[in-house]
Amino acid sequence: MNGYIMKNNQLTLLKGLPMPLGVTKHLDGMNFAISIPNEDECILKLFHKKTGVMAASFLLTSEYKTGNVFSCMLSELMVKENPDLKGLIHLFDKTDAYTYIYEINGKEFADPYAKLIYGRETYGEVNLQQQTYGQVNSQRQTYGQGVYREGSKRQENFLRGNHGENLKLNHKLCSSLLPEDYPWEGDKPLYIPYSQLIIYKLHLRGFTKHPSSKVKNPGTFQGLTEKIPYLKELGINCIQLMPIYEFNENIWEKGIGGQKIKLNYWGYSEDNFYFAPKSSYAANPVQADIELKSMISKLHQEKIEVILEMYFPYGTNHILILDCLKYWVMEYHIDGFHLIGESIPRTTIAMEPLLNKTKLFATCWDKEQIYNKGFVPDFKNLAEYNDGYSVDIKGFLRGDESKVSSFASRFKYNPDKFGVINYITSNDGFTLMDLYSYDVKHNEANGENNRDGLDYNYSWNCGKEGETNNRSILNLRRKQIRNAFTILLLSQGTPLILAGDEFGNSQLGNNNAYCQDNEISWINWDDLNNNKDIFEFVKSLISIRKCHPILHMEYPLKSMDYISSGYPDLSYHGTKAWYPDYSFYSRMLGIMLAGQYAKVNSWENDINFYITYEVACIN
Amino acid sequence: MKWHVLIDTTGDKVVEDLELIPLSSQNKYEVKDRSIAVLIGK
């Protein structure tokens, strides 16, 4: 390729590669590709990042279209030889010095495949001039009429580039070209099996935003990095991050008196740039990619995996979903994803070869379609992630009727082909301390008259709603927390701990803190000192789980004595040995795990465990 | 088989080196209300 063709003293851009979408670097130059249906032309504009001055703009007509993809290739040779393109002279050696944006019919928008986004550096800041491709393409004027800044009109000199001083980039969402190369220094995926995994779910901002976290850069990737020694001490080996891609945290709500803005703190947004890390989660927002990579690298050095939550609302392009998952694995060394959304192509994702060793969590999987009958994958990378365990265990712990049988099933459930993620608490619901401090939700701070959030929580305030000085109630709450952790960490399957539960973090009864970027949702690290006993208890349980393979088997226990040891690998018992009571009013169960079925090392069997669960109030 | 109490979530003092036979009807470890006990045996 020559990079460009000169015709009648005019510069003609070379048509680029329609795949992959976004910006990619090639030997011949920089390739731009974007999917825009129902349009005959679009304009690619490049800006100097520092000054915001336009460096060049290019009209892409239907000649540059393959299917619905516009593409062009900016070659180094073309830029060097053409004086009209002098503004792009550093495009190939200082890639991060430029940003770009597209324009259709006078409306500008950032590339949905942007690897880094500029314009959302300040968390919670509202900018009426920002718009996404979806808003432009669907003609939805989300931010009201007349807020678009008119782009430049079609000009004759597009093909020569344009670096006029009057064309400045102001207050818009734009994309950087490519993330900088990062010195990973041999960083490799950890591939920790589900049987050995202990997951810790956290909100990146809320984890260290509270002053009590005492980190140098609260609420950022660097803040979390500073907490790695704490995570190591606790003993977890995987963190699951609520959305850290570039989501729009500002939601426009229609209400009486017009529209108003509400915060989407959790990040399950419909306005996302899935390829870009959230810039306001970085201490230096223009280096979000580097800070995130540094955090992941340091977590990997400490043998801690990183799972990302990815929310894809109904209608998200399936190709984009696949592309972005692969991108995060290749560019950021992400170990897995929790896929959230109703219309995700789960089977396609599961069968994508590049993701075959990446952990993938989803509500359910089409097992028959993914694996042929009888086939057991050499690396279990798929896992079920739903609230079944949580509902049954919370009911059992509260002493609800008819829960012993479902508890016994949940304790044992550990499919051979799939992982199963067990959790009791999550972001949508009470924290563990609140589960035993409140009978009902207290979401008044959300501004929805307490109508939002789950109404049925399987919670129990242990005798008094909310704060109390009653020692017996406080002791009972602590015991219920210890009970919950004991069940969670001794169940087969993979446990997931909600950050802060290990030291009694409270959201003051708010079970739906999606819009609370404040002390309600931020983790209060002072509780670590106040509830040191809970932390030490959880730490011990994690250590016990790790030391004893019979507590976290890779494959399902069979409830049979298939090695003639005198005991089955798993057995259930009631007040009378070998006779579990699954009747309606039963509230106790004994479970025995025989250590002969698990090897601690090549010459030593594990020990036997007998666990008795009594969830009734006998006195 | 000798059994020892590893965890008792009542938070009461853990009984160390207690010989128990949890699978027999005699000499069972008494679990208090709303509690979980973890016994280990060799």
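Just so you know, the sequences run in chain order A and B.
The end of the first sequence is residue 619 by my numbering, with every number in the run present.
The end of the second sequence is residue 1042 by my numbering, with every number in the run present.
Here a beta-carbon is modelled for each residue, glycine too, at the ideal position from N, C-alpha and C.
(request) Would you check if the distance between the CB atom of A445(A) and the CB atom of F207(A) is smaller than 8 Å? (result) no
(request) Closer than 8 Å by beta-carbon distance: list the chain A residues that pair up with K1002(B), in chain order. (result) Result: empty, since nearest Cβ-Cβ is about 10 Å, beyond 8 Å.
(request) May I ask you to list the residues that DSSP assigns as paired with G447(A)? (result) Bridge partners of G447(A): none, in fact.
(message) Just checking: is the beta-carbon of T425(A) within a distance shorter than 8 Å of some beta-carbon in chain B?
(response) no
(request) Using the Cα positions of E291(A) and G399(A), report the straight-line distance between them to the nearest angstrom. (result) 46 Å
(request) Would you mind telling me which residues of chain B sit closer than 8 Å to G486(A), beta carbon to beta carbon, in chain order? (result) According to the sequence shown, residue 486(A) is Thr rather than Gly. The answer, in chain order, is I1007, T1009, I1036 and V1038.
(message) So for A282(A), helix, strand or coil by DSSP?
(response) coil
(message) Quick check: is the beta carbon of Y613(A) nearer than 8 Å to any beta carbon in chain B?
(response) yes
(message) Rounding to the nearest angstrom, what Cα-Cα distance links I1021(B) and K1002(B) in this structure?
(response) With a pLDDT of 47 at I1021(B), under the threshold of 50, the modelled position of this residue cannot be trusted, and the question is left open.
(message) Short of 8 Å in beta carbon distance, which residues of its chain neighbour N386(A), apart from the five on each side in sequence? Order them along the chain.
(response) T363 and C364
(message) Between the segment 460 to 472 of chain A and the segment 233 to 246 of chain A, can you find at least three pairs of beta-carbon atoms closer than 8 Å?
(response) no
(request) Put W1003(B) into one of helix, strand or coil per three-state DSSP. (result) strand
(request) State the beta-bridge partners of H573(A) as determined by DSSP. (result) G590(A)
(request) Evaluate contact between the segment 409 to 422 of chain A and the segment 486 to 496 of chain A, counting only Cβ atoms and requiring at least three cross-stretch pairs below 8 Å. (result) yes
(message) Below 9 Å on C-beta distance, what does K262(A) contact in chain B?
(response) Those do not exist, as K262(A) stays about 40 Å from chain B at its closest Cβ, beyond 9 Å.
(message) Report the CB separation of A110(A) from H48(A) in whole angstroms; it is logged as a contact under 8 Å.
(response) With a Cβ gap of about 17 Å, A110(A) and H48(A) do not count as contacting.
(request) Have a look at the DSSP bridge pairing and note the partners of T99(A). (result) F47(A) and S176(A)
(message) Shorter than 7 Å, the distance from the beta carbon of P229(A) to the closest heavy atom of the ligand ZN, or not?
(response) Absence of the ligand ZN is noted for the structure shown, with no ligands found whatsoever.
(message) If you reduce the DSSP assignment to three classes, tell me which class E368(A) lands in.
(response) helix
(request) Could you check which residue in L21(A), V615(A) and K15(A) has the C-alpha nearest to that of N317(A)? (result) L21(A)
(request) Verify the CB distance criterion: does I520(A) have a CB-CB separation below 8 Å to chain B? (result) no
(message) Quick check on the DSSP output: the beta strand (DSSP E) that includes E384(A) runs from which residue to which?
(response) L382 to E384
(request) Compare the C-alpha of E121(A) against each of E76(A), Y100(A), M73(A) and L173(A) and name the closest. (result) L173(A)
(request) Consider the Cβ of F361(A): report whether some Cβ of chain B lies at a distance smaller than 8 Å. (result) no
(message) Quick check on the DSSP output: the beta strand (DSSP E) that includes L59(A) runs from which residue to which?
(response) M54 to L60
(request) Give the secondary structure of K359(A) by DSSP, where H, G and I count as helix, E and B as strand, and everything else as coil. (result) strand
(request) Could you name the residues of the segment 596 to 608 of chain A whose beta carbon sits closer than 9 Å to any beta carbon of chain B, in the order they occur along the chain? (result) I607 and N608
(request) Compile a chain-ordered list of the residues in the segment 478 to 512 of chain A whose CB is closer than 8 Å to at least one CB of chain B. (result) R478, K479, Q480, R482, N483, T486, I487 and L490
(request) For Y572(A), go through chain B and note every residue whose CB falls closer than 7 Å to its CB, in chain order. (result) Those within 7 Å of Y572(A) in chain B number zero; the least Cβ separation is about 12 Å.
(request) Report the partner residues of V1031(B) according to the DSSP bridge assignment. (result) Looking at the DSSP assignment, V1031(B) forms no beta bridge with any residue, so it has no partner.
(request) In the DSSP assignment, find the beta strand (DSSP E) that holds Q507(A) and state where it starts and stops. (result) Careful: Q507(A) lies outside any beta strand (DSSP E) and carries neither H nor E.
(request) Note down, one range per segment and in chain order, each beta strand (DSSP E) of at least 3 residues found wholly within the segment 466 to 490 of chain A. (result) none
(request) Along the alpha helix (DSSP H) that carries C547(A), what are the first and last residues, could you check? (result) K532 to C547
(message) In the DSSP output, what is I421(A) paired with across the bridge?
(response) T494(A)
(message) What are the residues in the segment 442 to 460 of chain A lying within 9 Å of chain B by C-beta distance?
(response) none
(request) Mind listing the chain B neighbours of A616(A)? Cutoff is C-beta to C-beta under 8 Å, in chain order. (result) D1033 and R1034
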